[in-house]
Amino acid sequence: MTIELSLMLAGMLVIGFLAQWLAWRVKLPAIVFLLLAGIILGPVSGVLQPDKLLGGLLFPMVSLSVALILFEGSLTLRFHELPGIGKAVRGLVSYGAVASLLLLALAAHLVAGLAWPISLLFGALACVTGPTVIAPMLRTLRPNARIANTLRWEGIVIDPLGALFAVLIYEAIVSRQEGHTIGIFVATIGCGVGIGALSAWTMAFFLRRQMIPEYLQNYAVLAAVLLAFSVSNTLTHESGLLAVTIMGIALGNLRGVHIDDILDFKESLTTVLVSLLFVLLAARLQWPLPDGMLGAGITLFVIAQLLVRPVTVALASFGSSLSWRERALIGWVAPRGIVAASVSALFALRLDALGVADAEALVPLVFTLIIGTVILQSATARPLAIWLKVAEPEPRGVLIFGSDVVARAIGKALDEAGFRVVLADDDWDGIRLARMEGRATFFGNPASPHAERHLDLTGIGRLLAVSTHRERNSLACVHYRQEFGREKVYRLRNLTPQENTDRAALAGSLLAPPLFDETMTHGRFAEMLEQGWRIKSTRLSATFDWPHFIEQYGSNTVLMFGVEEKGALRVASAKRELEPKPGWTVIALVPPSEK
1 MTIELSLMLA
11 GMLVIGFLAQ
21 WLAWRVKLPA
31 IVFLLLAGII
41 LGPVSGVLQP
51 DKLLGGLLFP
61 MVSLSVALIL
71 FEGSLTLRFH
81 ELPGIGKAVR
91 GLVSYGAVAS
101 LLLLALAAHL
111 VAGLAWPISL
121 LFGALACVTG
131 PTVIAPMLRT
141 LRPNARIANT
151 LRWEGIVIDP
161 LGALFAVLIY
171 EAIVSRQEGH
181 TIGIFVATIG
191 CGVGIGALSA
201 WTMAFFLRRQ
211 MIPEYLQNYA
221 VLAAVLLAFS
231 VSNTLTHESG
241 LLAVTIMGIA
251 LGNLRGVHID
261 DILDFKESLT
271 TVLVSLLFVL
281 LAARLQWPLP
291 DGMLGAGITL
301 FVIAQLLVRP
311 VTVALASFGS
321 SLSWRERALI
331 GWVAPRGIVA
341 ASVSALFALR
351 LDALGVADAE
361 ALVPLVFTLI
371 IGTVILQSAT
381 ARPLAIWLKV
391 AEPEPRGVLI
401 FGSDVVARAI
411 GKALDEAGFR
421 VVLADDDWDG
431 IRLARMEGRA
441 TFFGNPASPH
451 AERHLDLTGI
461 GRLLAVSTHR
471 ERNSLACVHY
481 RQEFGREKVY
491 RLRNLTPQEN
501 TDRAALAGSL
511 LAPPLFDETM
521 THGRFAEMLE
531 QGWRIKSTRL
541 SATFDWPHFI
551 EQYGSNTVLM
561 FGVEEKGALR
571 VASAKRELEP
581 KPGWTVIALV
591 PPSEK
């Protein structure tokens, strides 16, 4: 049994990885492939039987995994960002979310015949989108910036808030089922809030005073989350999920607490947990579904897609600056994801054990909605955006990895040439200076899981890796090859070809074409700027072509970019030499002695 269990768990990890990798390749939410893998392994083939395989460990394993998933999601909610996210987003995550919850609950009650408590719980779970499903879809959809920002912020904010709605409704159902009074329910809520807030304050106390070494901080937070969940559940039954949700929201908003590394660790851990969890949960689905559940699930999906979402968006965006075309696309896109799947399965396990009526219907209805929304919207959202004329044209913008003087100078030149530029780096001083210069920025590693959720790539189609970190430049190039294409990724050398000895050389698979010319390095570029070299932008003509430009500014001029007459950006590289033509605008680094 030990061998069988270890082999099965290892196999699930491999299958989860393959599903995540496939999702990355085709730019679709990973949840689709994870659920399909679980359905094939479980109901279809019978190879994986989670209840028999894990026995009494199944419920604790699912509970702890969901606790960590909810904590990681709630950790991303920042209260100071809420006033700046726009009227439409505030509406979608407040009264719009409540309207969606009630409409979905009403539909579940009328269509599936669910009791009102389970209907309300279904509504709370089904009204939640999330960044893990929105971000991959936006890369394929490529809407304009207003739509992309609205959908991304809705997913980020409603993820923890929706989980909080669901947990509160679940607590009310459990209290009622176990014959508890309203006082017990209030005590359960109070205990969850109190334990969560106390845990966040305690952890912040230790982190602020650097009483925990950096290499143990992730371990400490992981242990604290699981301890808070378990202690809260022990003191008041089923209050643990509320405790970890409150803990995440509080810790993410306390001042003076640096949580970026913790968030990166939790995101990586969540990826592993989600991969295991969804395969397990999908494998537990009954097939065929209970009588009437498939038809009810499809009907609820159609109602959610064609009625509830459009009505909610119309209500939430009324009076906003969004056009009717933008509201129409937002009203079509609302894929469900991690919170809906994981929390519904956990609640169904617990409620079924308590003998709550209709609890067994919760998982098939939620999973049908997840699969339906993700597949339909992934297939139709891009054509709809093009038809509505709200899709971004071919992405022309540039993502620059780096924020020092070289990166800022390049970013300024491209910005002034009319291209959208985003400077991304985890060096706060450089990012601060770039912001003061008016550049769009992202504080963090652009190849991190955090960037997957928060870095807005709308309109971005190229990467220029120009940071001072050679290895991280190369890794960023590898990361964005799949995103932009191999021919749209470049790096600025940190070493000259002579310095790049066998000992210092990186693998060829990590390399991207070097920027500008064969001898240009980051150090040389910075030195030239310090010596007074400047970046010059000039439009060529039949009477003043590229040879005339060289004649005027000197043969040591370094060609950087060319902008064709139709606005296409061409990048000068040691591997792809440019030949500027009349009508182009050239961007070049020219010596200080020339005027």
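Numbering of the sequence shown is given in UniProt numbering, commencing with residue 1 and proceeding in unit increments.
We treat Cβ as the ideally placed atom computed from N, Cα and C, and that holds for glycine.
Query raised in the report: My guess is that Val272 and Val244 are in contact by the Cβ rule of under 8 angstroms, so how many angstroms apart are they, rounded?
Result: The residue you call residue 272 lines up with position 272 of the sequence shown. The residue you call residue 244 lines up with position 244 of the sequence shown. At roughly 18 angstroms, the Cβ-Cβ gap does not stay under 8 angstroms, so Val272 and Val244 are not in contact.
Query - Cα-Cα separation between Ala572 and Met560, rounded to whole angstroms - result: Here the question's residue 572 lines up with position 572 in the sequence shown. Here the question's residue 560 lines up with position 560 in the sequence shown. Taking the straight line from one Cα to the other gives about 5 angstroms.
Query raised in the report: From Leu110, Cys191, Ser239, pick the residue whose C-alpha is nearest to that of Val174; which is it?
Result: For the purposes of this step, residue 174 is identified with residue 174 of the sequence shown, where counting begins at 1. Answer by Cα proximity: Ser239.
Report task. Along the alpha helix (DSSP H) that carries Ala88, what are the first and last residues, could you check? Result -> Here residue 88 is taken as the residue at index 88 of the sequence shown, counted from 1. Residues 87 to 92.
Requested in this report: Please determine, among Leu589, Ser321, Lys566, the residue with the shortest C-alpha to C-alpha distance to Val406.
Outcome: Locating residue 406 in the sequence shown gives position 406, counting from the first residue. Of Leu589, Ser321, Lys566, the residue nearest in Cα terms is Leu589.
**Report entry** Own chain partners of Ile303 with C-beta closer than 6 angstroms, once the 5 adjacent residues on each side are dropped
**Finding:** Locating residue 303 in the sequence shown gives position 303, where the first residue counts as 1. Answer for Ile303: Ala107, listed in chain order.
Requested in this report: Return the residue from the list Ser6, Ile147, Leu64 that minimises the CA-CA distance to Asp456.
Outcome: Here residue 456 corresponds to residue number 456 of the sequence shown, with the count starting at 1. Of the candidates Ser6, Ile147, Leu64, the one whose C-alpha sits nearest the C-alpha of Asp456 is Ile147.
Query raised in the report: Below 8 angstroms between beta carbons: does that hold for Val398 and Phe419?
Result: The residue you call residue 398 lines up with position 398 of the sequence shown. The residue you call residue 419 lines up with position 419 of the sequence shown. Against a cut-off of 8 angstroms, the Cβ pair of Phe419 and Val398 comes out as a contact.
Query - Sub-8 angstroms separation of Arg534 and Leu515 beta-carbons - result: Against the sequence shown, residue 534 aligns to sequence position 534. Against the sequence shown, residue 515 aligns to sequence position 515. Not in contact: Arg534 and Leu515 (Cβ atoms no closer than 8 angstroms).
Query raised in the report: Between which two residues does the alpha helix (DSSP H) containing Ile31 stretch?
Result: Position 31 of the sequence shown, counted from the start, is the residue given in the question as residue 31. Unbroken alpha helix (DSSP H) run through Ile31: 30 to 39.
Query - Span of the alpha helix (DSSP H), counted from its first residue to its last, around Thr368 - result: Residue mapping note: residue 368 aligns to position 368 of the sequence shown, counting from 1. Run containing Thr368: 362 to 388, per the alpha helix (DSSP H) assignment.
Query - Where Gly508 falls: helix, strand or coil (DSSP) - result: Position 508 of the sequence shown holds residue 508. Note that Gly508 scores a pLDDT of 48, beneath 50, so its modelled location is shaky and nothing firm can be said.
Query raised in the report: Rounded C-beta distance between residue 620 and Glu154? I'm assuming under 8 angstroms.
Result: As displayed, the chain neither begins before 1 nor continues past 595, which places residue 620 out of reach and without an answer.
Query raised in the report: In or out: Lys566 buried (at least 16 other Cβ within 10 Å) or exposed?
Result: Locating residue 566 in the sequence shown gives position 566, counting from the first residue. Exposed, by the Cβ-count rule.
Report task. Go through its chain and collect everything with a Cβ distance to Phe206's Cβ below 8 angstroms, but skip five positions before and after it. Result -> Walking along the sequence shown from the start, residue 206 turns up at place 206. Excluding sequence neighbours, Phe206 sits near Ile212, Ala220.
**Report entry** Coarse secondary structure for Leu315, derived from DSSP in three states
**Finding:** Along the sequence shown, one-based indexing puts residue 315 at 315. In the structure shown, Leu315 sits in a helix (DSSP, three-state: H, G or I).
Query raised in the report: What are the start and end residues of each continuous beta strand (DSSP E) run of 3 or more residues lying completely inside the stretch 185 to 212, in chain order?
Result: none
Query raised in the report: Does the beta carbon of Asp425 fall short of 7 angstroms from some heavy atom of the ligand MN?
Result: The ligand MN is not among the ligands present in this structure, which contains no ligands whatsoever.
**Report entry** Delimiting residues of the beta strand (DSSP E) encompassing Gly567
**Finding:** Numbered from its first residue, the sequence shown carries residue 567 at position 567. Taken as a continuous stretch (DSSP letters only), Gly567 belongs to no beta strand (DSSP E), as it is neither H nor E.
Report task. Would you identify the three-state DSSP class for Gly444, choosing helix, strand or coil? Result -> Translated into positions along the sequence shown, residue 444 becomes position 444. Coil.
Query raised in the report: Straight-line CA distance for Arg462 to Leu315?
Result: Position 462 of the sequence shown, counted from the start, is the residue given in the question as residue 462. Position 315 of the sequence shown, counted from the start, is the residue given in the question as residue 315. Whole-angstrom Cα-Cα distance: 37 angstroms.
Query raised in the report: Roughly how many whole angstroms lie between the Cα atoms of residue 597 and His548?
Result: The question about residue 597 has no answer, for the chain in this structure spans 1 to 595.
**Report entry** Meets three-Cβ-pair contact criterion under 8 angstroms: the stretch 380 to 387 and the stretch 158 to 166
**Finding:** no
Report task. Output the distance between the C-alpha atoms of Val390 and Glu326, rounded to the nearest integer angstrom. Result -> Residue numbering aside, residue 390 sits at position 390 when the sequence shown is read from its first letter. Residue numbering aside, residue 326 sits at position 326 when the sequence shown is read from its first letter. Cα to Cα, Val390 sits roughly 7 angstroms from Glu326.
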